[in-house]
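Undergrad:
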């Protein structure tokens, strides 16, 4: 145009000094993947997270025990207990044998059906009281729970049928004084109680095919509960897997939705700018100022739970309504920064539409930060669910969740610790895994927030 | 500064108004009827009761009566506990929660700053690994589990000592407070430790620390005057939300340790659907939390002038 003829242009011969790339170029996500793969803690966490998801999805298929079914023969049974049961006849009333005995002793085999005791009258006794304890009677003379009381010396036997479990009991017979108070004279007997079942029971529970397969005196295995049972005789493993579905459903779906909401809200606000941005952010500030857990509880009360409902959805909705602003603020900040970048300007000059700018340039560039936020929001949501279920404001029974299972387990922590340990352990491991994974993702995806290590 | 404080206070008042309104309409939406109990009431008695409590008025009128009462500081009478005003319940039990909370906040803040700077000083050495491991545990284990385990620990301790070294539950003396406050502050302490560590590590590489070093300032003085004072700023910003976390965390700790604090009463009221107590304590807690956050922000504005300028 300015008078340079095409012939004046000459092709430059290629030289060896031309720039070469010494390594293949890496995209942002490839770089992140390499960083994440070199982070062993994050990888282990990722593995744990994936196995938890598999447990949730496949678990109930592999271990298809009904989590609501009660095994009343095995209540609060810790894992790995001896499962053999003696097959005995149906219970028949005790025909008390004539004659006396020298000391406190068993009149029959001690079984979970009944424990039959006989004793000689204690010296100076006006009557006897029978106690049962789970622990040996110490010097403080803790005899346990009183089972029966006799105000004369004619009855010197007792049959215990109260909620017997396989294990060791300590039975004591205490002499009563004339005024009916227990005296200092006592006799204690250690009794090992054997698990029993009857033919009909075994058939009803499906332990054997037909009555012909077993005979009295046989020993058979009662139903297997790999992680024991809870206080209502429900299978812990099945409940934990069912609870995992509830806890992880709330813990993953809720953050997913509210982080997404925050992204949209923040993107719109940041992209619009000006008055719209101010108004939108003022509203977000306002939601942030609301005390979160109080409102969660209020929400739960307001929506109420009808019979047969689990209360998962009110909790989900409450979380979504209250927790989106943090992501919105973050994304808005990112968008405001990206808006000023050269490549966005260039794209705009080339005539790109707003939607193209947002979806092609802005959102993909905030994706790293959003992903990190999401990973940190998940443990928070799991904790919130556990907290609410613990104070009785979470999912309604009988729907299990790890939080409500812990709440039930904590009441019998001393005698049956497995009811607390398993759900608590699962909550801790899950939260730990997501936290470490979040740390790893942050280090891999976000150059500015990278740890200064 | 005054303008800043004023602006925040107005914001806070609007938030409190919203909390009160939301509480009112949430409670209105609750299925059930406060005057419906097992004792049969005749229509006349029922009408009289409704008139007495203003329940025959339209919802908007009830709402304004409710707002007027809140402004006067009157939260009404408990539905579940006989002869008790909500104000009495708050007056009696909030101090317990407040003492516990203040102790927990102190433990969390002091512990967090201390452990955080320690890990930064011993970066990538044994104390760092050890403390960061504990921090990860503190963040990942739910507070009710920590509470239960610490109770078990106290029992074992008492058994070993043969006397009651620390009471397992209850309230009264400073010994009752120590373990619950520690448990309550633990997760916040873990969070603050992490924050303090990263902010400390950032400061170590800053220009003014390098200058101080090259001037020959003794390390202890650099640590105390240059590093600590600057690194502590982000910790102060999150102290507001931390107070909220500790207050609500108190619900669990008060239940596990059988402490007669307001949190426990709130949870009980929720379980019994004690309308007025729920409304009163929610508004009270909400107001308390909103203004605590504002207080922390204002203090932060005094410490760091950059905040109130923006």
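Protein chains in written order, with my numbering: chain A, 1 to 453; chain B, 1001 to 1310. For glycine and all other residues, C-beta sits at the position ideal for the given N, C-alpha and C.
Applying the criterion that 16 or more other CB atoms from any shown protein chain within 10 Å of the CB defines a buried residue, is residue 51 of chain A buried or exposed?
TA: Against the first chain, residue 51 of chain A aligns to sequence position 51. Exposed is the call here.
Undergrad: Quick one: which chain A residues come within Cβ less than 8 Å of residue 1026 of chain B?
TA: Your numbering for residue 1026 of chain B matches position 26 in the second chain. Correct list: 298, 299, 301 and 302.
Undergrad: Should residue 1003 of chain B be labelled buried (16 or more other beta-carbon atoms within 10 Å of its own) or exposed?
TA: Counting from one through the second chain, the residue named residue 1003 of chain B turns up at place 3. Under this definition residue 1003 of chain B is an exposed residue.
Undergrad: On the CB-based measure, 16 or more other CB atoms within 10 Å of its CB, does residue 219 of chain A come out buried or exposed?
TA: Looking up residue 219 of chain A in the first chain gives position 219. By the 10 Å Cβ count, residue 219 of chain A comes out exposed.
Undergrad: Using the C-alpha atoms, what's the distance from residue 1124 of chain B back to residue 1132 of chain B?
TA: The sequence position of residue 1132 of chain B within the second chain is 132, counting from 1. The sequence position of residue 1124 of chain B within the second chain is 124, counting from 1. Computed Cα separation, rounded: 10 Å.
Undergrad: Using 8 Å as the Cβ pair cut-off and three pairs as the minimum, do the segment 249–263 of chain A and the segment 312–330 of chain A touch?
TA: A contact exists between the segment 249–263 of chain A and the segment 312–330 of chain A.
Undergrad: Our contact map puts residue 63 of chain A next to residue 238 of chain A with C-beta atoms below 8 Å; I'd like the distance itself, whole angstroms only.
TA: Here residue 63 of chain A refers to the residue found at position 63 when the first chain is read from its first residue. Here residue 238 of chain A refers to the residue found at position 238 when the first chain is read from its first residue. Right, the Cβ-Cβ distance comes to about 6 Å (below 8 Å), so this counts as a contact.
Undergrad: Which of the three DSSP states is assigned to residue 418 of chain A in this structure?
TA: For this step, residue 418 of chain A is matched to residue 418 along the first chain. Three-state result, residue 418 of chain A: helix.
Undergrad: Could you name the residues of chain B that residue 435 of chain A contacts, counting a contact when the two beta carbons are closer than 9 Å?
TA: In the first chain, the residue the question calls residue 435 of chain A occupies position 435. Those within 9 Å of residue 435 of chain A in chain B are 1136, 1139 and 1140.
Undergrad: Just to confirm the assignment, what range does the alpha helix (DSSP H) spanning residue 1028 of chain B have?
TA: The count along the second chain starts at 1 and reaches residue 1028 of chain B at position 28. Residue 1028 of chain B -> alpha helix (DSSP H) spans 1002–1029.
Undergrad: Does residue 1275 of chain B come out as helix, strand or coil in the three-state DSSP assignment?
TA: Here the question's residue 1275 of chain B lines up with position 275 in the second chain. If DSSP states are grouped into helix, strand and coil, residue 1275 of chain B belongs with the helices.
Undergrad: For residue 151 of chain A, which residues of its own chain have a beta-carbon under 8 Å away from its beta-carbon, when the five flanking residues on both sides are left out?
TA: Position 151 of the first chain holds residue 151 of chain A. Contacts found: 126, 127, 176 and 180.
Undergrad: Taking just the CA atoms, how far does residue 375 of chain A sit from residue 37 of chain A?
TA: Looking up residue 37 of chain A in the first chain gives position 37. Looking up residue 375 of chain A in the first chain gives position 375. Rounded to the nearest angstrom, the two C-alpha atoms are 17 Å apart.
Undergrad: Would you check if the segment 1142–1159 of chain B and the segment 1224–1236 of chain B touch, i.e. whether three or more CB-CB distances between them fall below 8 Å?
TA: No: the two stretches stay apart, fewer than three of their Cβ pairs being nearer than 8 Å.
Undergrad: Pull up the DSSP beta-bridge partners for residue 157 of chain A, would you.
TA: The count along the first chain starts at 1 and reaches residue 157 of chain A at position 157. DSSP lists A:118 as partners of residue 157 of chain A.
Undergrad: Could you round the C-beta distance between residue 228 of chain A and residue 67 of chain A to whole angstroms and report it? I think they count as a contact, below 8 Å.
TA: Walking along the first chain from the start, residue 228 of chain A turns up at place 228. Walking along the first chain from the start, residue 67 of chain A turns up at place 67. Going by Cβ atoms, the distance from residue 228 of chain A to residue 67 of chain A rounds to 14 Å, so no, they are not a contact pair.
Undergrad: Leaving aside the five residues before and after residue 192 of chain A along the sequence, list all residues of the same chain whose C-beta is less than 7 Å from its C-beta, in chain order.
TA: Here the question's residue 192 of chain A lines up with position 192 in the first chain. Closer than 7 Å at Cβ, skipping near neighbours: 110 and 168.
Undergrad: Just curious, the beta strand (DSSP E) that residue 474 of chain A is in, first and last residue?
TA: With chain A represented from 1 up to 453, any question about residue 474 of chain A goes unanswered, as that position is not in the structure.
Undergrad: Is the segment 1101–1114 of chain B touching the segment 1176–1189 of chain B in the sense that three or more CB pairs, one from each, lie closer than 8 Å?
TA: These segments touch.
Undergrad: Going by beta-carbon coordinates alone, are residue 266 of chain A and residue 335 of chain A separated by less than 8 Å?
TA: For the purposes of this step, residue 266 of chain A is taken as the residue at position 266 of the first chain. For the purposes of this step, residue 335 of chain A is taken as the residue at position 335 of the first chain. A contact, by the Cβ cut-off of 8 Å.
Undergrad: How many whole angstroms separate the CB atoms of residue 445 of chain A and residue 371 of chain A, which I take to be in contact at a CB cut-off of 8 Å?
TA: For the purposes of this step, residue 445 of chain A is taken as residue 445 along the first chain, with counting starting at 1. For the purposes of this step, residue 371 of chain A is taken as residue 371 along the first chain, with counting starting at 1. Between residue 371 of chain A and residue 445 of chain A the Cβ distance is about 6 Å, and since that is below 8 Å, they are a contact.
Undergrad: With H, G and I counted as helix, E and B as strand and the rest as coil, what does DSSP make of residue 125 of chain A?
TA: For the purposes of this step, residue 125 of chain A is identified with residue 125 of the first chain, where counting begins at 1. Coil at residue 125 of chain A, not helix or strand.
Undergrad: So, with DSSP's three-state summary, where would you put residue 452 of chain A?
TA: Position 452 of the first chain, counted from the first residue, corresponds to residue 452 of chain A. Note that residue 452 of chain A scores 43 on pLDDT, short of 50, meaning its location in the model is unreliable; the coordinates nonetheless yield the value given after this. Coil at residue 452 of chain A, not helix or strand.
Undergrad: Looking at the structure shown, is residue 219 of chain A part of a helix, part of a strand, or coil, going by DSSP?
TA: Counting from 1 along the first chain, the entry for residue 219 of chain A is found at position 219. In this structure, residue 219 of chain A counts as strand in the three-state DSSP scheme.
Undergrad: Residues of the segment 1260–1274 of chain B in Cβ contact with chain A at a cutoff of 7 Å, in chain order, please.
TA: Hits within the stretch, in order: 1267, 1270 and 1271.
Undergrad: Ignore the nearest five residues each way along the sequence and tell me which others in residue 48 of chain A's own chain have a CB closer than 7 Å to its CB.
TA: The residue you call residue 48 of chain A lines up with position 48 of the first chain. The answer, listed in chain order, is 429 and 433.
Undergrad: Of all the residues that make up the segment 30–54 of chain A, which are near chain B by a beta-carbon distance shorter than 8 Å?
TA: The residues in question: there are none.
Undergrad: What residue range is occupied by the uninterrupted beta strand (DSSP E) comprising residue 476 of chain A?
TA: Here chain A has residues from 1 to 453 only, and residue 476 of chain A is not among them.
Undergrad: With a CB to CB cut of under 7 Å and the five nearest residues on each side skipped, what residues in its chain are close to residue 451 of chain A?
TA: On the first chain, position 451 is the one that residue 451 of chain A refers to. Reliability of the predicted coordinates at residue 451 of chain A is poor, the pLDDT of 47 falling under 50, and no value is obtained from them.
Undergrad: Following the continuous beta strand (DSSP E) through residue 168 of chain A, name the residue where it begins and the one where it ends.
TA: Residue mapping note: residue 168 of chain A aligns to position 168 of the first chain, counting from 1. Counting along the chain, the beta strand (DSSP E) containing residue 168 of chain A begins and ends at 167–176.
Undergrad: Which same chain residues end up closer than 6 Å to residue 122 of chain A when comparing Cβ atoms and leaving out the 5 residues on each side of it in sequence?
TA: Along the first chain, one-based indexing puts residue 122 of chain A at 122. The residues are 175 and 185.
Undergrad: When Cβ atoms are compared, which residues of the segment 416–441 of chain A fall closer than 7 Å to chain B?
TA: So the list reads 420, 424, 427, 428, 431, 432 and 435, given in the order they occur along the chain.
Undergrad: Does any C-beta atom of chain A lie closer than 8 Å to the C-beta of residue 1282 of chain B?
TA: Taking the second chain and counting its residues from 1, one reaches residue 1282 of chain B at position 282. Chain A contact via Cβ: present.
Undergrad: Which residues does DSSP pair with residue 70 of chain A in a beta bridge?
TA: In the first chain, counting from the first residue as 1, residue 70 of chain A sits at position 70. DSSP lists A:234 as partners of residue 70 of chain A.
Undergrad: For residue 131 of chain A, which residues does DSSP report across the bridge?
TA: Taking the first chain and counting its residues from 1, one reaches residue 131 of chain A at position 131. Residue 131 of chain A is bridged to A:146 and A:172.
Undergrad: Could you list which residues in chain A have their beta carbon closer than 8 Å to that of residue 1015 of chain B, in chain order?
TA: Against the second chain, residue 1015 of chain B aligns to sequence position 15. By Cβ distance, chain A contributes 286, 289 and 290.
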